[in-house]
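Down below is the structure, laid out as structure tokens.
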Amino acid sequence: MSSLVWKIKTFDEFTVPELYAVLKARIDVFVIEQNCPYPDLDNYDQKAVHIWAEEEGEVLAYCRIFDQGIKYDETSIGRVLTTEKARGKSLGKQLIQYAVETIENRFHTPEIRISAQDYLIRFYSGFGFENTGKKYLEDDIPHTEMIRK
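Taking the UniProt record's numbering, the leading residue of the sequence shown gets 1, the next gets one more, and so forth.
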């Protein structure tokens with residue numbers, strides 16, 4: 001029987017073990033797996049709402065969301081990940097669904113901006129995100145700006 005739990009918390013609501021598990025998952029996926037050293041601790045975590053799935057204290061899927069005017073004019077979703085162990089279980093789809101619902105409920109807007117890694121453009125399109133055509137390298141990884149209206 002799975003003990004999968006979804007959590008939605010602000011920075012100040014984190015327990016120390018939760019924060020450690022989230023940061024470990026972000027480093028494991030973005031820095032180690034994608035071989036991309038970048039400044040993960042960017043002083044935005046304190047302004048974000050964090051959404052993640054965990055099992056026995058281990059983070060399996062995670063993202064952070066922001067209200068309008070923090071990172072962009074629109075609300076936004078970032079640091080989206082599914083750990084290697086959790087891939088192929090549709091946790092990424094559930095994660096984005098929760099993120100969109102949380103933004104609509106907490107921030108009262110359907111408009112969301114994301115910076116999508118190019119290989120995920122089709123995935124995000126399934127949630128109503130549209131390719132703006134703005135492409136760029138972020139930490140040497142091709143990204144495309146997408147907006148959900």
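Where is the CB? At the ideal position from N, CA and C, for every residue including glycine. Given the structure is predicted, the values throughout are model-derived calculations rather than measurements.
Beta-carbon to beta-carbon, Y98 and I51 are separated by about 5 angstroms, close enough to satisfy the 8 angstroms threshold.
In the DSSP assignment, the residues bridged to R113 are S76 and I147. The DSSP-derived three-state label of R87 is coil. Taking a cut-off of 8 angstroms for Cβ pairs, the stretch 58 to 65 and the stretch 75 to 90 touch, as three or more such pairs fall below it. Ranked by Cα distance from H143, the first of F30, F14 and A116 is A116. Distance check between C63 and each of D40, Y44, P39 and I96 places I96 closest, using alpha-carbon atoms only. In this structure the stretch 107 to 127 does not lie against the stretch 14 to 21, because fewer than three pairs of beta carbons, one per stretch, are closer than 8 angstroms.
Here P142 is bridged, per DSSP, to L137. Look at Y38 here: in three-state DSSP terms it is coil, with no helix or strand label. For W6, the CB contacts under 7 angstroms within the same chain, skipping 5 residues up- and downstream, are A53 and Y98 in chain order. The residues E84, in chain order, have a CB closer than 8 angstroms to that of E33 in the same chain once the five nearest residues on each side in sequence are set aside.
Apart from the 5 residues on each side of it in sequence, V29 sits with its Cβ closer than 7 angstroms to the Cβ of L81 and T83 in its chain, given in chain order.
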